[in-house]
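In terms of this note's numbering, the sequence shown opens at residue 5 and continues consecutively.
Cβ coordinates follow ideal geometry from the N, Cα and C atoms, glycine included.
These numbers come from a predicted model, not from an experiment.
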Amino acid sequence: MRVVSHWCCSICFAVLLWANSTAFTWAQHQTLQFSPVLNDGVLPYELQLVPLDIEAELPTLHSFAHAQWDGKWLLLSGRTNGLHDFTQNGFVNFPPAHQNRDVWVVDPNLGQTWRRSLQDVAAGLSVEQVDSIAVTNNQFYQSGARLYLSGGYGFRTDDEFTTFDALTAIDVPGLMDWVINGNDVAANHIRQVHDPLFTVTGGAMLELDGRTQLVFGQDFQGDYTQFGNGVYTNQVRSFTIVDDGQALSVTDVTWGEQRDEYRRRDLNVLPFVATNDDGELESSLVALSGVFTEAGGVWTVPVEIDADGSTWMEDPDSPFSFRQPMNNYHSAKFSMFSESTGENHLVLWGGIGLFTTEDGQLVRDDLMPFGNDSSVIVRDADGDYVQHVLPPSFPEMVDVNSGRILRFGANAEFLVSPAIPTLGNGVIRMDDLPAEITLGHIVGGIVTDLPHQGNSAASEQIFEVTFRRKSPWADFNTDGLVNALDINLLSTAIDGNNPADEWDIDRSGQVNADDLAAFANNVLGTWLGDANLDGQFGTSDLVQVFQAGEYEDLLRDNSTWETGDWNADREFNSADFVAVFQAGGFEQGLRTSVESVPEALPPALVWICVGLILYKCRSRE
Numbered sequence: 005m006r007v008v009s010h011w012c013c014s015i016c017f018a019v020l021l022w023a024n025s026t027a028f029t030w031a032q033h034q035t036l037q038f039s040p041v042l043n044d045g046v047l048p049y050e051l052q053l054v055p056l057d058i059e060a061e062l063p064t065l066h067s068f069a070h071a072q073w074d075g076k077w078l079l080l081s082g083r084t085n086g087l088h089d090f091t092q093n094g095f096v097n098f099p100p101a102h103q104n105r106d107v108w109v110v111d112p113n114l115g116q117t118w119r120r121s122l123q124d125v126a127a128g129l130s131v132e133q134v135d136s137i138a139v140t141n142n143q144f145y146q147s148g149a150r151l152y153l154s155g156g157y158g159f160r161t162d163d164e165f166t167t168f169d170a171l172t173a174i175d176v177p178g179l180m181d182w183v184i185n186g187n188d189v190a191a192n193h194i195r196q197v198h199d200p201l202f203t204v205t206g207g208a209m210l211e212l213d214g215r216t217q218l219v220f221g222q223d224f225q226g227d228y229t230q231f232g233n234g235v236y237t238n239q240v241r242s243f244t245i246v247d248d249g250q251a252l253s254v255t256d257v258t259w260g261e262q263r264d265e266y267r268r269r270d271l272n273v274l275p276f277v278a279t280n281d282d283g284e285l286e287s288s289l290v291a292l293s294g295v296f297t298e299a300g301g302v303w304t305v306p307v308e309i310d311a312d313g314s315t316w317m318e319d320p321d322s323p324f325s326f327r328q329p330m331n332n333y334h335s336a337k338f339s340m341f342s343e344s345t346g347e348n349h350l351v352l353w354g355g356i357g358l359f360t361t362e363d364g365q366l367v368r369d370d371l372m373p374f375g376n377d378s379s380v381i382v383r384d385a386d387g388d389y390v391q392h393v394l395p396p397s398f399p400e401m402v403d404v405n406s407g408r409i410l411r412f413g414a415n416a417e418f419l420v421s422p423a424i425p426t427l428g429n430g431v432i433r434m435d436d437l438p439a440e441i442t443l444g445h446i447v448g449g450i451v452t453d454l455p456h457q458g459n460s461a462a463s464e465q466i467f468e469v470t471f472r473r474k475s476p477w478a479d480f481n482t483d484g485l486v487n488a489l490d491i492n493l494l495s496t497a498i499d500g501n502n503p504a505d506e507w508d509i510d511r512s513g514q515v516n517a518d519d520l521a522a523f524a525n526n527v528l529g530t531w532l533g534d535a536n537l538d539g540q541f542g543t544s545d546l547v548q549v550f551q552a553g554e555y556e557d558l559l560r561d562n563s564t565w566e567t568g569d570w571n572a573d574r575e576f577n578s579a580d581f582v583a584v585f586q587a588g589g590f591e592q593g594l595r596t597s598v599e600s601v602p603e604a605l606p607p608a609l610v611w612i613c614v615g616l617i618l619y620k621c622r623s624r625e
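Written out as structure tokens, the structure reads:
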């Protein structure tokens, strides 16, 4: 793949320039601390990206809108070049020539594409209509055969750059027919109304139970320059669209509370479901992260949004609040829900973030680099969030000019496959998925060849997203759960020298205590010694095992993981302490797959720690 030689930097280069002109210190994010990033070992599935090769001409787009009909994609709006520049000239930063004025139709199954220009005389559109559709970062959603667009930033012909105030309704099959077959005129499939309500760019727009939620974003007027600032909405605007196919209007408009914490744009907003007090599934939205704080930082605490537009956010100062460390900027994304567990899995693909992985370790960069890291944020049945980093997901693709690895995902979109079972709000029904299936495709986005100061382009690469349930090999007792019962079965197999492949967790060709460590670390995502399986190894685990009273007792083979057997010999004695303290997880908090693993303690220090812990725990009995 070739990236156009357009010099760019990460999105925060603009903030850096702004910061240099003000009294500023870095790390002015919403929170000073961030939640740990866990590995993907406990996720019940694997996700993989496979490049989709289509010989037909493909669009190069980012920050665009899309819809689907009859197995085909409708793509419009957005930009056709890479990341914008940061000069004092708006025409250099956002060249009007790169505003996408084409409407594309893509058939991913047949490998065919079609396109027509909105400026075509046969389109029958006014200059103002074309300008208001050929914008970047508009908000959109599809409802049946209708695609609704709002706002967006672009150039108004013979005037200036602006955030447009249009709500646009598009008849998806009708506009597709115009593009493919040339039937009718495009204007007959496009209707608009104008109101300051819709003057938003960089936000998100989704439908909840018949009401439209216009979430956050900004109103940017004039040239986009390195020292320019838009007016953030700081709110959720909620309304009902009335559309009979002829007349278009909105009713029941609610302008939500404006809060400083809602000064957000270029974020990921996803639907999720939860069980209400009546035991019924209820749809909501969650706004994840986004930019920028007043000091140029990143927002980290999610905002949940109900169907009436009301919002809720955890206390950022609480140590129990989720503070998102990765994938902070708008990217391709989708939601999955498991009714059996009550969990929502919010999948974020690549893009821009504060934390990325390098050589298996988590690295912080306040300049927010481009990267290929992807993650899953799991919202459990109690409403608690945790982020899991996925294994390297984007295939390693190299720019033919620079020879550098390409970075995908920013301002890309995910289009779900029509055969995928979903709830009414578009959330994928995870429990109903087969063992392996294509969920959909990632389309477009900004592609760069460096985290900062590299070349960028609008990507034409399409990635197929495949889902595969993990083999149930770790669920040894086949009860549908992977927990301490399975650990104990593994320990019994290790102690009995059972050579069967199912017990070889680390795939070393041998079954031994290393497999117990691999099970704890990579399957459960925790430490050796985590007796209560709360994700940490600490004093509470030691109290639990000593209260069980099996330390160096006279009974043979009576100890389990929960009562102190951490080296798979089915006994609880000093050898277990040697194993866990050499593993280095004591009082290290939640284990992650990407943070530095503590070094093992020297043998002499291990015995000192064992003695101190034994004394401390026995004194508490």
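As computed with DSSP, residue 154 is found in a beta bridge with 143, 171.
Contact between the segment 417-434 and the segment 360-371 is absent, with fewer than three C-beta pairs closer than 8 Å. Close CB contacts of residue 313 within its chain, under the 8 Å cut and outside five residues either way in sequence, are with 215, 217, 240, 241, 242, 258, 260 (chain order).
Counting along the chain, the unbroken alpha helix (DSSP H) around residue 520 starts and ends at 517-522.
Under the 10 Å beta carbon count, residue 409 is surrounded by fewer than 16 other beta carbons and is classified as exposed. Residue 207 is positioned such that its CB atom lies closer than 7 Å to that of residue 143. DSSP lists 73 as the beta-bridge partner residues of residue 76. Out of 576, 551, 539, 574, the CA that lies nearest to the CA of residue 590 is found in 539. Taking residue 32 as the centre and dropping the five residues before and after it, the same chain places the C-beta of 297, 299, 300, 301 closer than 7 Å to its C-beta, in chain order. Between residue 339 and residue 274, the C-beta gap is smaller than 7 Å, which places the two residues in contact. C-alpha of residue 531 to C-alpha of residue 276: approximately 31 Å in a straight line. A check of alpha carbon separations from residue 500 across 510, 489, 515, 506 identifies 515 as the nearest. A direct Cα-to-Cα measurement between residue 505 and residue 479 gives close to 14 Å. Taken atom to atom, the span from the alpha-carbon of residue 576 to that of residue 588 is near 19 Å.
Within the DSSP secondary-structure output, residue 55 pairs in a beta bridge with 467. Per DSSP, the continuous beta strand (DSSP E) segment holding residue 340 begins and ends at 336-342. In the DSSP secondary-structure assignment, residue 570 is not bridged to any residue. A straight line joining the alpha-carbon of residue 96 with that of residue 141 spans about 18 Å. If you draw a straight line from the Cα of residue 498 to the Cα of residue 482, it comes to about 19 Å. Residue pairing of residue 108 in beta bridges, as defined by DSSP: 79, 119. Residue 255 is bridged by DSSP to 244. By the C-beta criterion, the segment 62-69 is judged to be in contact with the segment 452-471, since at least 3 inter-stretch pairs fall below 8 Å.
Where residue 132 is concerned, the enclosing alpha helix (DSSP H) starts and stops at 131-137.
Here residue 246 is exposed, its C-beta having fewer than 16 other C-beta atoms within 10 Å. Residue 270 and residue 512 have their C-alpha atoms some 45 Å from each other.
Residue 266 carries a helical assignment under DSSP once its states are collapsed to helix, strand and coil. In the DSSP assignment, residue 287 forms a beta bridge with 277.
Shown here for residue 337: same chain residues with a beta carbon closer than 8 Å to its own, the five before and five after excluded, namely 272, 274, 350, 351, 352, 353, 418 in chain order. Here DSSP, grouped into helix, strand and coil, assigns residue 222 to strand.
Residue 131 is positioned such that its CB atom lies no closer than 7 Å to that of residue 156. Below 8 Å, enough C-beta pairs join the segment 71-78 and the segment 178-189 to call them touching: three or more. Restricted to the segment 308-382, the beta strand (DSSP E) segments that are unbroken, complete and at least 3 residues in length are 315-317, 336-342, 347-353, 359-362, 365-368, listed in chain order. In the three-state DSSP reduction, residue 179 falls in the helix class (H, G or I). Taking residue 288 as the centre and dropping the five residues before and after it, the same chain places the C-beta of 212, 275, 276, 277, 278, 308, 309, 310, 311 closer than 8 Å to its C-beta, in chain order.
The three-state reading of DSSP puts residue 512 in coil, since its state is none of H, G, I, E or B. Between the C-alpha atoms of residue 341 and residue 379 there is a straight-line separation of about 16 Å.
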